[in-house]
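>
There are 2 protein chains.
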Amino acid sequence: MERYEVEKSLGFLLAKTHQYFSSFFKEKLNKYSLTPPQFAMLAFLWKRDGLSQIQLGNCMNTDRTTISGIVDRLEKDGLVTRRRDPEDRRTYLINLTPRAFALQDEMEEMATQAKYEVTAMLSDGEKEQLERILRKILDAAAATRGCWSPSK
Amino acid sequence: MERYEVEKSLGFLLAKTHQYFSSFFKEKLNKYSLTPPQFAMLAFLWKRDGLSQIQLGNCMNTDRTTISGIVDRLEKDGLVTRRRDPEDRRTYLINLTPRAFALQDEMEEMATQAKYEVTAMLSDGEKEQLERILRKILDAAAATRGCWSPSK
DNA sequence: ACCATTTTATCATAACACTGACAATCAGTA
DNA sequence: TACTGATTGTCAGTGTTATGATAAAATGGT
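Residue numbers (my numbering), protein chains in the order written: chain A, 91 to 242; chain B, 91 to 242.
1. With contact counted as at least three CB pairs below 8 angstroms, one residue from each stretch, are the region 220-230 of chain A and the region 196-205 of chain A in contact?
2. I'd like the list of long-range same chain contacts for M131 (chain B), defined as Cβ closer than 6 angstroms, with 5 residues on each side in sequence excluded.
3. Which one or two residues does DSSP pair with N185 (chain B) in a beta bridge?
4. List the endpoints of the continuous alpha helix (DSSP H) containing N148 (chain B).
5. Run through chain A and tell me which residues come within less than 7 angstroms of E198 (chain B), C-beta to C-beta.
6. Could you give the C-beta distance for I184 (chain B) and Q143 (chain B), rounded to a whole number, given that I count them as a contact under 8 angstroms?
7. Taking only three categories from DSSP, how would you classify D178 (chain A)?
8. Say whether chain B places a C-beta atom closer than 8 angstroms to the C-beta of A105 (chain A).
9. Would you mind stating whether L104 (chain A) and K106 (chain B) have Cβ atoms separated by less than 8 angstroms?
10. Once you ignore the five residues that flank A190 (chain B) on each side, which residues in its own chain have a CB closer than 7 angstroms to its CB?
11. Have a look at N148 (chain A) and R173 (chain B) and give me their C-alpha separation to the nearest angstrom.
12. Give a yes or no on whether the C-beta atoms belonging to S303 (chain A) and D167 (chain A) are separated by under 8 angstroms.
13. Which word fits Y206 (chain A), buried or exposed, when buried means at least 16 other C-beta atoms lie within 10 angstroms of its C-beta?
14. Compare the C-beta of S142 (chain B) against all C-beta atoms of chain A and say whether one is closer than 8 angstroms.
15. In the region 104-143 of chain B, which residue ranges form an unbroken beta strand (DSSP E) of at least 3 residues, counting only runs that do not cross its ends?
16. For A201 (chain A), would you say it is in contact with chain B, using Cβ-to-Cβ distances shorter than 8 angstroms as the test?
17. Keeping to the same chain, check which residues put their C-beta closer than 7 angstroms to that of Q194 (chain A); ignore five residues upstream and five downstream.
18. Counting along the chain, where does the alpha helix (DSSP H) carrying T234 (chain B) start and finish?
19. Any C-beta of chain A sitting closer than 8 angstroms to the C-beta of S112 (chain B)?
20. Which one of B:A192, B:R154 and B:G140 has the shortest CA to CA distance from P176 (chain B)?
21. Closer than 8 angstroms, CB to CB, is I223 (chain B) near chain A or not?
22. Is S55 (chain A) helix, strand or coil when you go by DSSP?
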């Protein structure tokens with residue numbers, strides 16, 4: 091039986107690869123004064139504007155309280171607005187501002203570029219494999235644990 | 091040209107897979123009142139006891155200030171001790187307590203088990219591919235950016 | 001021996017992610 | 001109608017991660 095080696099364990103590799111990608115992407119986002127999660131929220135809103143915080147949480151697999159904070163910061167930066175849903179006074183609908191819409195093309199291009207740079211050492215097959223396998227883990231997680239996301 | 095889709099982007103997949111693995115592992119660690127990074131630090135010390143905080147930071151690819159906090163909490167829990175290096179009075183040497191040594195076998199077994207559960211839907215080949223590709227990204231990062239870790 | 005630089009660690013601040021608790025609202029039922 | 005229960009959002013607190021600033025100790029050159 092082999093001895094346990096943290097630095098080869100999947101959990102550690104995932105944490106560190108995420109950390110690396112994230113810090114790399116963060117540098118690219120510096121000129122916009124945005125963070126990766128803030129970018130992700132914008133990206134989901136580019137696809138569909140006017141989501142509620144709960145819906146954003148479902149898209150992003152992120153806790154309500156975390157979403158709340160990200161919306162706060164984007165709102166402060168003038169990229170989104172909170173507006174009461176006339177049909178349900180509990181919920182806020184999150185809308186992009188014109189400034190946020192204007193950033194879409196440039197930032198999506200930048201995100202695509204970042205991925206190519208980080209995965210430059212991989213073959214096309216490896217890139218495809220990696221994304222397929224990660225997707226497979228997440229899909230299985232969603233299937234076995236319902237919405238596996240935190241706080242259910 | 092295809093439209094950009096965040097939920098299929100590598101950065102998002104890495105973030106969410108890490109988040110899922112981490113929350114899964116965290117549940118298993120609950121009975122020990124430990125977090126995944128705290129476990130990782132113990133795991134590195136099981137391999138080599140008496141590292142300095144800087145050395146731990148290099149092993150774990152983690153910022154000095156972050157290491158400081160993790161050591162604080164492990165120290166409070168009575169799992170490690172800080173001891174001044176007689177050869178260099180600036181540095182602390184971090185040593186495991188008997189209680190921490192006693193946990194090794196049980197926790198390494200638990201960590202191995204957690205990985206099998208999270209990757210149950212993958213073939214052996216896919217598991218091996220995944221780890222190999224992640225390792226490849228990290229090794230290239232270390233090579234091109236020196237020690238890519240934060241704060242250099 | 002002195003001075004500048006580097007190294008090690010800490011503090012303050014910020015973002016993100018969670019839990020648990022709470023208030024307000026909605027929806028279904030007695 | 002009133003009561004119960006679920007949903008939506010916030011707040012307080014904890015932990016992990018980073019930056020930037022500071023202090024203490026070591027190192028290297030003159």
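All residues carry an ideal CB built from backbone N, CA and C; glycine is no exception.
With the structure as the only source:
1. Segments in contact, no.
2. On the second sequence, residue 131 (chain B) is found 41 positions in, with the first residue counted as 1. Excluding five sequence positions before and after M131 (chain B), the CB atoms of its chain that fall closer than 6 angstroms to its own CB belong to I160, given in chain order.
3. Taking the first residue of the second sequence as position 1, residue 185 (chain B) is located at position 95. B:T171.
4. One-based indexing of the second sequence puts residue 148 (chain B) at position 58. That run of the alpha helix (DSSP H) goes Q143 to M150.
5. The residue given as residue 198 (chain B) occupies position 108 in the second sequence. Near E198 (chain B) (Cβ distances below 7 angstroms), the residues of chain A are Y94.
6. As a first step, residue 184 (chain B) is located in the second sequence; it is residue number 94 there, counting from the start. As a first step, residue 143 (chain B) is located in the second sequence; it is residue number 53 there, counting from the start. About 7 angstroms; that satisfies the 8 angstroms criterion.
7. For this step, residue 178 (chain A) is matched to residue 88 along the first sequence. Of the three classes helix, strand and coil, the one that applies to D178 (chain A) here is strand, per DSSP.
8. Residue 105 (chain A) sits at position 15 when you count from the first residue of the first sequence. Output row for A105 (chain A): interface = yes.
9. Taking the first sequence and counting its residues from 1, the one referred to as residue 104 (chain A) is at position 14. Taking the second sequence and counting its residues from 1, the one referred to as residue 106 (chain B) is at position 16. It is not a contact, given that the beta carbons lie outside the stated cut-off.
10. Within the second sequence, numbered from 1, the residue matching residue 190 (chain B) stands at position 100. If we look at A190 (chain B) and ignore the five residues flanking it on each side, its Cβ neighbours are L132, L169 and V170.
11. What you label residue 148 (chain A) is simply residue 58 of the first sequence in a count that begins at 1. What you label residue 173 (chain B) is simply residue 83 of the second sequence in a count that begins at 1. Pairing N148 (chain A) with R173 (chain B), the inter-Cα distance amounts to about 47 angstroms.
12. Because chain A spans 91 through 242 in this model, residue 303 (chain A) falls outside it and cannot be assessed.
13. Taking the first sequence and counting its residues from 1, the one referred to as residue 206 (chain A) is at position 116. With fewer than 16 Cβ atoms within 10 Å of its Cβ, Y206 (chain A) is classed as exposed.
14. On the second sequence, residue 142 (chain B) is found 52 positions in, with the first residue counted as 1. Judged by the 8 angstroms Cβ criterion, S142 (chain B) is not in contact with chain A.
15. Runs of beta strand (DSSP E) with 3 or more residues, each lying fully within the region 104-143 of chain B, are absent.
16. Indexing the first sequence from 1 puts residue 201 (chain A) at position 111. It does; some Cβ of chain B falls within 8 angstroms.
17. Reading the first sequence from its first residue, position 104 is the one you call residue 194 (chain A). So the list reads W136, once near-sequence residues are dropped.
18. Translated into the one-based positions of the second sequence, residue 234 (chain B) becomes position 144. Following the DSSP letters along the chain, one finds T234 (chain B) inside the alpha helix (DSSP H) bounded by residues D214 to T234.
19. Your numbering for residue 112 (chain B) matches position 22 in the second sequence. Contact of S112 (chain B) with chain A is assigned, a C-beta pair being separated by under 8 angstroms.
20. For the purposes of this step, residue 176 (chain B) is taken as residue 86 along the second sequence, with counting starting at 1. Each of B:A192, B:R154 and B:G140 was checked against the Cα of P176 (chain B), and the nearest Cα belongs to B:G140.
21. Residue numbering aside, residue 223 (chain B) sits at position 133 when the second sequence is read from its first letter. Among the residues facing chain A, I223 (chain B) is included, as its CB has a counterpart in that chain under 8 angstroms away.
22. An answer regarding residue 55 (chain A) cannot be provided, because it is not within the stretch 91 to 242 covered by chain A.
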